[in-house]
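What follows is one structure encoded as structure tokens, with my remarks underneath.
Numbering (full-length UniProt numbering), first residue to last: 1 to 484.
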């Protein structure tokens, strides 16, 4: 990789890296980070004229240590007035984040909306951010170098998003993601190609789960930090109708699949389909291959339940992932009790009764004056006090949404929708991805790359498909819990 110096105004930027395997637009994004001059305003003088976004570095002939000249004005920094009223934009940036009620957007670095939407959804999980903060700066022997770099880059990007109201350029994260998973660096005609957001989500979460395993103390205390947050334990019965053979198996997954067919109109129906599958394997009893039916049930639930709509399939005629446009409704509140194993259902019975009782108390209190409230209702009213009128009704019923530790709360099998990753277009490797994320104040924000846009809760459930509008591809639900 080459390094060059760049003269801009009265400054000289030394040892700026140039990755000649990437288009010059990536180099311009690096200069944007260093100078604040957006790529579209940069005029960089090279051999033959101005540096174009899709130029060939080989033809340009940039050499090690060469000095380049750049012209362009940086985004204006608004200075706070010395006197007068204090407006949001005059506050320190971290205070601005709290005032506006949401964090920053992410700049699109060239067909990176799949990555931006994935990051925004995962960034909304406090437990993930907490685990990343405990991640050591020095690499442990059991973690490979690129996994360590990607985990550290995720932590730094999350920190930037928490502290900024201006759009963040995820340059370092993107470079490391491509280094760890080269498929995200595929190019066509000099431009980076669109990628599948679900693949990005899965690969990133897998890397983080490996890196964060036991990272907080080097002991088994936090052995599976992300397994508690996202991990789903499935217990499956595998049987062959032809031979009568039967076996059971257990597996861990990080998402449930919502299969889509002409019979599926609702997420719950698709989840039931997703927990059943046919597989062909050797049958010792028959001495040949046979069809086995695999029926799965949830045997352990996570804090955050991820559901992927299986909307894409490989179409040989067009040689690409085609999209199923069928409308499939999904709820703001998801109850997975009937998808659980018998043992897990028994464990959930007491917490679910407590949740129903407290909801009944809450509904009963609505018709009374505050003076009639009793001390026994303090826990419930505390939860209600943190709610707002904009879509916080289900959060109010969640006794322990004040983020108690796992040891202090019990799962109920009931989940509240907190983020939706949508796709607009006809193919997974084209179109546009957007994240819709519920904030701590109960408001929903649409993160369309660098543009955070407030949305109403009733608009979120309209992302169910049936046309060319944004449609849900991944939904993430947060568990509603009760005290032990």
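Here a beta-carbon is modelled for each residue, glycine too, at the ideal position from N, C-alpha and C.
- Along the region 284–328, the beta strand (DSSP E) occurs as fully enclosed runs of 3 or more residues at 288–300, 304–309, 312–315 and 320–323, listed in sequence order.
- Straight through space, the alpha carbons of residue 155 and residue 53 are spaced by roughly 29 angstroms.
- Under the DSSP assignment, residue 178 falls in the alpha helix (DSSP H) whose first and last residues are 171–180.
- Measuring C-alpha to C-alpha distances from residue 179 to each of 204, 299 and 167 identifies 204 as the nearest.
- Annotation note: the region 23–66 contains the following uninterrupted beta strand (DSSP E) runs of length 3 or greater, listed N- to C-terminal: 43–46.
- Distance from the CA of residue 158 to the CA of residue 291, rounded to the nearest whole angstrom, comes to 46 angstroms.
- Counting the other Cβ atoms within 10 Å of the Cβ of residue 436 gives 16 or more, which makes it buried.
- DSSP places residue 74 in the coil class of the three-state scheme, outside both helix and strand.
- Just measuring C-alpha positions, the residue of 347, 321 and 173 sitting nearest residue 109 is 173.
- Closest in alpha carbon position to residue 187, among 425, 443, 240 and 22, is 22.
- Minimum Cα-Cα distance from residue 417 among the listed residues 364, 453, 444 and 477 corresponds to 477.
- Taking the Cα positions, residue 332 is about 40 angstroms away from residue 140.
- Residue 69 has 7 and 45 as its beta-bridge partners, per DSSP.
- A contact between stretches requires three or more CB pairs, one per stretch, nearer than 8 angstroms, and the region 194–210 fails this requirement with the region 268–276.
- Taking C-beta atoms under 8 angstroms as the contact rule, residue 27 and residue 37 fail to qualify, at a distance of about 13 angstroms.
- Per DSSP, the continuous beta strand (DSSP E) segment holding residue 473 begins and ends at 471–483.
- For residue 126, there is no enclosing beta strand (DSSP E); the enclosing alpha helix (DSSP H) has its first and last residue at 126–133.
- Judged by DSSP in its simplified three-state form, residue 104 adopts coil rather than helix or strand.
- Taking the Cα positions, residue 467 is about 9 angstroms away from residue 424.
- Spatial neighbours of residue 50 in its own chain (CB-CB distance under 7 angstroms, excluding positions within 5 residues in sequence) are listed in chain order as 43 and 44.
- No Cβ-Cβ contact shorter than 8 angstroms links residue 124 with residue 67.
- Counting along the chain, the unbroken beta strand (DSSP E) around residue 237 starts and ends at 232–239.
- In the structure shown, residue 123 falls within a helical segment according to DSSP collapsed to helix, strand and coil.
- Membership of residue 261 in any beta strand (DSSP E) is not indicated, and neither H nor E is assigned to it by DSSP.
- Looking at the DSSP output, residue 340 sits in a beta bridge with 298.
- Within 10 angstroms of the beta-carbon of residue 299 lie 16 or more other beta-carbons, which makes it buried.
- Per DSSP, the unbroken alpha helix (DSSP H) holding residue 274 starts and ends at 267–274.
- Per the coordinates, the alpha-carbon of residue 20 lies some 6 angstroms from the alpha-carbon of residue 57.
- Selection 146, 339 and 263 evaluated against residue 234 yields 339 as nearest (Cα-Cα).
- The Cβ-Cβ distance between residue 170 and residue 106 falls below 8 angstroms.
- Boundaries of the beta strand (DSSP E) around residue 422: 409–424.
- Residue 280 holds the alpha-carbon nearest to the alpha-carbon of residue 240 among 260, 208 and 280.
- If you draw a straight line from the Cα of residue 453 to the Cα of residue 160, it is about 19 angstroms long.
- Spatial neighbours of residue 314 in its own chain (CB-CB distance under 7 angstroms, excluding positions within 5 residues in sequence) are listed in chain order as 321.
- The criterion of a C-beta distance shorter than 8 angstroms is not satisfied by residue 32 and residue 24.
- When only Cα atoms are considered, residue 317 and residue 162 end up about 45 angstroms apart.
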